[in-house]
Ligand SMILES: Cc1ncc(C[n+]2csc(CCOP(=O)(O)OP(=O)(O)O)c2C)c(N)n1
Ligand SMILES: Cc1ncc(C[n+]2csc(CCOP(=O)(O)OP(=O)(O)O)c2C)c(N)n1
Ligand SMILES: [Mg+2]
Ligand SMILES: [Mg+2]
């Protein structure tokens with residue numbers, strides 16, 4: 423048995439062992455062991471230079487990661503959470519994502535940025551964001567969202583072999599996810615979406631922290647005789663359309679599920695693509711289950727009411743297949 | 423005859439005259455007269471305190487604007503261009519947009535932020551962004567995009583009367599737009615979209631700098647006997663759905679047009695809403711004409727190829743109505 | 082603590098608090114937070130909770146210098162500042178219980194205490210982000226010709242953020258009435274000051290902005306009170322912003338999630354010898370202004386206040402889920 | 082200018098350039114940009130163009146101290162740095178013409194010159210954003226045990242940005258080999274230094290990060306060369322970063338769009354009396370290392386170089402529109 427947290431730690435350890443250009447940098451990744459204990463023990467194993475604690479300077483150390491990548495290193499920069507990543511967004515968009523193109527192909531930026539995302543732990547408005555949609559909008563980035571142990575273990579490896587900047591989102595509620603992982607688990611592709619549960623009546627399109635919720639929703643729907651297929655996008659940019667279209671053209675119905683806010687978020691892109699490309703195969707409008715557009719409140723009952731829960735997904739799927747009850 | 427630039431200057435002058443809590447703050451708004459000459463002459467008229475030049479400190483002076491609003495002022499903060507606004511995005515999202523809610527309704531933030539947006543002047547990757555979609559995603563903000571002289575003149579006034587933060591996007595190519603404006607032009611509503619050209623065959627949904635392009639496209643389409651209705655969203659958050667749905671349910675076809683990048687941008691939201699709500703009235707998939715997903719190149723021919731031009735809109739409309747050639 | 086403000090223009094005087102007042106204030110914070118820790122283990126309080134225990138002298142000593150008209154901007158470690166500023170304890174506890182009766186109707190929680198009646202502007206949980214807000218509040222005062230002060234609290238770790246740099250420059254450039262109070266508790270989560278900043282003399286760093294800056298003993302409430310009094314005299318006198326470092330230490334972990342692996346017990350014990358309550362208690366004893374019995378009875382009444390706050394929070398109600406989206410945008414008054 | 086680097090570990094020596102070399106370098110920049118201004122009016126060059134005229138001594142004097150292995154990070158006002166670093170003039174001119182033959186295939190333009198062979202890392206047009214990049218380049222060198230230096234240029238206006246603060250602290254904390262060169266031309270667009278920063282003594286501000294910092298005469302190329310030589314000796318010796326302010330002035334407007342309303346002609350004229358080419362020419366004349374005739378013939382050959390660059394750019398081709406989206410993500414090598 424291993425956990426999502428351990429799988430990420432193992433993949434970082436692997437990378438550090440495999441390639442001396444790799445190092446981990448971020449706030450409290452060393453002495454503290456990582457705000458979510460992901461890098462616990464790595465300082466003792468690899469030392470201060472390669473497990474590099476930084477000051478509170480998101481723009482500064484992300485920019486330094488970009489420069490180090492330009493200088494031949496393979497930095498893994500940890501931004502403690504997506505909530506603080508806005509302070510580094512200019513560096514990520516205007517430098518990391520743009521330098522290859524601005525330089526006419528002269529300079530790649532082989533940088534990997536990891537950050538925790540998501541709500542659900544009563545951390546209130548400033549610590550509960552899901553801003554994957556901002557990063558998924560930016561040309562020049564590859565954006566990943568591991569939702570399984572295998573992806574937690576493998577995506578970082580593949581990302582480090584990518585010559586361009588890769589942003590990896592780890593949902594805070596997944597760190598304690600447990601399961602078996604083959605000891606030889608390794609690279610995974612970072613191009614395609616995956617069908618996590620096959621179904622015939624409706625397709626639930628999601629990723630990251632919402633995957634477990636969609637799987638339980640599919641379970642609940644099965645109990646009512648509704649067969650839901652669950653797709654894990656895995657890669658938020660560039661998105662793999664084929665897997666999604668193939669599914670929706672079979673099921674003729676789709677629900678886009680995301681923990682981000684609804685408007686101009688990822689469910690909008692999922693819905694827009696599917697309705698554009700599966701137009702003549704759709705039997706119902708695509709449902710969107712996203713977070714209610716409110717700064718996430720602290721009180722548990724209000725936070726839960728804001729987030730896309732199993733019930734809202736079930737209801738949306740029922741409506742899509744025309745079952746009301 | 424007046425210009426879009428003059429209309430904005432007049433509305434700022436009005437506000438400064440009307441309400442002594444109003445002041446304008448930003449980089450080079452004073453001595454320089456504004457990077458786009460919007461505030462030219464205001465320093466001489468209102469003095470250094472109310473036409474306040476700031477250091478290069480986007481996070482600092484936007485945050486100071488939020489604090490000044492909390493302290494009873496009605497600041498107009500100018501961020502020179504949207505390209506630099508990422509440096510202040512944390513302040514805008516985590517403070518300006520969140521404080522009313524986090525405080526349980528105790529503190530409003532009556533702040534107006536103005537910024538120039540858009541490409542088309544060969545300013546290359548770091549100076550050609552259209553990031554309206556980031557702001558349109560944020561609960562707690564009202565986001566406006568004046569595309570006409572009347573809106574340039576009136577939206578700021580209404581925005582200043584709003585108790586909550588309002589972000590206004592001025593497209594760089596509109597400043598020299600000329601036309602007549604009644605001397606008593608004043609407040610306009612900041613809730614609804616507007617039909618800028620009536621039509622029957624297809625609806626072009628757009629805003630800001632793409633409005634003129636869509637109007638020319640409609641003109642070109644008319645010449646081929648295709649009647650295009652052009653809708654100016656005006657308000658990007660919260661969006662006015664009724665005007666759009668009413669139109670699309672009449673035309674049965676829609677094209678979403680935006681100068682932002684395509685994926686997870688505003689055309690996605692427009693397309694998702696329309697396909698969800700006008701599903702049974704649509705005769706064709708909703709077309710999306712947006713900027714090609716590439717950092718904007720400097721070379722004119724490449725930049726033009728990246729931006730949504732009249733021709734691409736015409737082609738998309740033709741395809742929607744089933745005319746090919 | 083008695084406060085009086087002689088209007089907006091005349092000179093502003095704040096009566097010196099008695100040692101006993103300051104002791105009582107610190108004790109209110111200490112007992113309140115000890116209870117919070119228990120209630121967190123009992124899962125009555127959730128989310129992130131950052132205890133102030135060990136640093137009480139800073140909030141108590143500094144805030145005793147403010148008038149009702151002044152403003153306060155704090156961080157996510159702000160229970161102490163809220164209580165010392167005068168936010169009612171029941172409202173703070175109810176907020177941490179997520180109750181409608183909480184200071185923010187349960188929407189903010191421990192990290193986001195706001196309170197209009199005392200001009201308490203958060204409860205800001207993005208490190209460094211509060212500083213520009215404080216600059217803006219002071220800008221509003223200076224543009225309106227009001228002689229108010231805005232006190233802004235932050236940790237030494239926040240001084241590495243760009244927001245610190247931009248805010249200090251703006252405040253100094255515009256000579257704004259801000260008291261920047263850096264609570265140097267020597268750690269930013271697990272990162273010690275000398276591993277996060279090239280300049281460990283924080284007053285030197287602040288002085289580079291042409292801002293008067295000095296350090297005080299953050300464990301001695303009288304030292305903090307005196308240092309803040311000096312600073313506020315300069316600020317109210319139109320001398321622009323002042324930077325005050327209070328050298329202190331947090332006795333507890335960074336947050337309830339923190340196993341505190343990065344500090345030696347010996348280091349913590351060493352600082353506990355200078356527990357602000359201990360030092361103040363001794364001072365009171367030596368100066369004879371009160372007896373140990375007096376202090377014990379203060380403790381008793383403080384414990385009652387805490388009990389009442391918990392009872393109030395307990396009896397509180399929950400905001401209706403229908404109201405989830407209120408306070409996002411203000412409905413247009415038709 | 083002759084450069085030699087004795088590998089990665091041995092001591093690195095850069096032969097002193099002759100006065101005439103430095104003069105020629107500055108003249109290349111001056112004549113190149115004078116032509117750019119004409120070509121802009123002729124609409125052969127578009128977008129934003131920021132001329133360096135008046136500041137040539139800084140790039141010429143400082144960069145003469147670098148070896149091929151060192152790196153350079155500059156701003157949007159970087160024609161001079163690119164040329165002095167050794168980016169071929171035709172490639173720079175072709176870039177401004179938006180040609181495939183340009184340094185960046187026409188994708189970058191005036192504000193985004195990049196050149197791998199000379200380790201020229203832009204051409205960064207977000208003010209302050211280049212500093213963290215320079216820190217990272219130096220971090221890579223220090224982690225790999227290379228004795229390279231990264232020279233980072235920025236304006237005095239950039240020092241108000243949070244990015245400056247964060248980068249200075251990181252470089253000092255980690256003792257990284259960065260030469261931070263602030264070109265203080267006294268204005269940030271229309272904003273004079275004393276209206277943008279509370280601390281106008283920039284070296285004092287930099288020293289607060291525990292970084293050795295001093296000022297040099299940015300109009301005297303020998304003074305810049307000497308000051309940079311000292312700085313680089315410290316950096317290569319493992320002394321960590323150094324901050325160098327070069328006091329200078331731009332003779333032209335901020336950009337081709339700028340009507341330059343905010344500066345008195347008298348102020349500009351005053352600085353023009355210390356035109357770096359004038360000063361250097363006089364020095365050459367006094368020291369007798371060359372005659373006015375020699376300098377005139379240098380001018381002639383520089384003008385030919387500029388003509389050739391324009392001809393090259395003119396004859397250049399355009400990237401095919403089919404290739405618009407190349408260089409966004411690198412295609413997976415199948
Ligand atoms: C911008 C940002 N980065 C990171 C964090 C996570 N975080 C919360 S508190 C903290 C340490 C702050 O230390 P300091 O400023 O010294 O205040 P203290 O907690 O010691 O009172 C960190 C890293 C955050 N909240 N905001
Ligand atoms: C973050 C950011 N804000 C604003 C601008 C617009 N801008 C470009 S150059 C400039 C002035 C910079 O002054 P300084 O740093 O002194 O450099 P100089 O132009 O004098 O060489 C400004 C405000 C920008 N490019 N980036
Ligand atoms: Mg601290
Ligand atoms: Mg300058």
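Protein chains in written order, with the numbering used here: chain A, 423 to 747; chain B, 423 to 747; chain C, 82 to 415; chain D, 82 to 415.
For every residue, glycine included, the Cβ atom is placed at its ideal position computed from N, Cα and C.
These numbers come from a predicted model, not from an experiment.
By the neighbour-count criterion, in which a residue is buried when 16 or more other Cβ atoms sit within 10 angstroms of its Cβ, residue 353 of chain D is exposed. Closer than 7 Å at the C-beta level to chain B, one finds these residues of the segment 320-342 of chain D: 342. Contact between the segment 210-220 of chain C and the segment 482-502 of chain B is present, with at least three C-beta pairs closer than 8 Å. Rounded to whole angstroms, the gap between the alpha carbons of residue 631 of chain B and residue 144 of chain D is 43 Å.
Here residue 224 of chain C is buried. Its C-beta has 16 or more other C-beta atoms within 10 Å. The criterion of a C-beta distance shorter than 8 Å is satisfied by residue 203 of chain C and residue 155 of chain C. Counting only runs of at least 3 residues, the segment 130-172 of chain D fully encloses the following beta strand (DSSP E) elements, listed from N- to C-terminal order: 152-156. Taking the C-beta atoms as reference points, residue 608 of chain B is found nearer than 8 Å to residue 576 of chain B. Ranked by how close their Cα comes to the Cα of residue 571 of chain B, the residues B/730, B/722 and B/424 have B/424 in first place.
With a cutoff of 7 Å, residue 539 of chain B does not count as near ligand 2, since its C-beta is closer than that to no heavy atom of the ligand. Beta-bridge analysis with DSSP links residue 295 of chain D to D/325. Residue 580 of chain A: member of the alpha helix (DSSP H) spanning 571-583, first to last residue. Remark: the shortest separation between the CB of residue 502 of chain B and any heavy atom of ligand 2 falls under 7 Å. Taking the beta carbon of residue 562 of chain B as reference, the chain A residues within 7 Å of it are 717, listed in sequence order. Its chain contains 703, 704 and 705 as the residues whose beta carbon lies nearer than 7 Å to that of residue 674 of chain B, once the 5 sequence neighbours on both sides are disregarded; these appear in chain order.
Chain order gives the chain A residues near residue 276 of chain C as 475, where near means a beta carbon separation below 7 Å. Look at residue 402 of chain C: its C-beta is under 8 Å from a C-beta on chain A.
For chain C, the residues of the segment 280-298 of chain D that bring a beta carbon within less than 7 Å of one of its beta carbons are 280, 285, 286, 289, 290 and 291, in chain order. For residue 423 of chain A, the secondary structure class from DSSP, reduced to helix, strand or coil, is coil. With contacts defined by Cβ atoms closer than 8 Å, residue 624 of chain A and residue 743 of chain A form a contacting pair.
Counting along the chain, the unbroken beta strand (DSSP E) around residue 262 of chain D starts and ends at 259-265. Residue 138 of chain D has its CB no nearer than 7 Å to any heavy atom of ligand 2. At the C-beta level, residue 658 of chain A and residue 437 of chain A stay beyond 8 Å of one another.
Linking residue 370 of chain D to residue 100 of chain D through their CA atoms gives a straight-line distance of about 8 Å. Considering only beta carbons, the part of the segment 186-214 of chain D lying closer than 9 Å to chain B consists of 186, 187, 188, 189, 190, 191, 192, 193, 205, 206, 207, 208, 209 and 210, in chain order.
With the rule of 3 Cβ pairs closer than 8 Å, the segment 473-491 of chain A counts as touching the segment 445-459 of chain A.
A distance below 7 Å between beta-carbons, with the five flanking residues on each side excluded, links residue 108 of chain D to the following residues of its chain, in chain order: 358, 379, 380 and 383. Placement of the Cβ of residue 269 of chain D at a distance of less than 7 Å from at least one heavy atom of ligand 4 is found. One thing to note: residue 410 of chain D has its Cβ no nearer than 8 Å to the Cβ of residue 728 of chain B. Within the same chain, 134, 137 and 358 come within 7 Å of residue 111 of chain D by CB-CB distance, once the 5 residues on both sides are set aside. Using beta-carbon distances, residue 247 of chain D counts as an interface residue toward chain A, with a partner under 8 Å.
Neighbourhood of residue 556 of chain A in chain B, by CB distance below 7 Å: 556, in chain order.
Note that the C-beta distance between residue 269 of chain D and residue 226 of chain D is not below 8 Å.
Residues of the same chain with a CB within less than 6 Å of the CB of residue 600 of chain B, apart from the 5 flanking positions on each side, are 423 and 425 in chain order. With distances taken between CA atoms, residue 595 of chain A lies nearest to A/539 out of A/628, A/555, A/539 and A/695. Taking a Cβ-Cβ threshold of 9 Å, the residues of chain D close to residue 548 of chain B are 157, 192, 193, 205, 206, 207 and 210, in chain order.
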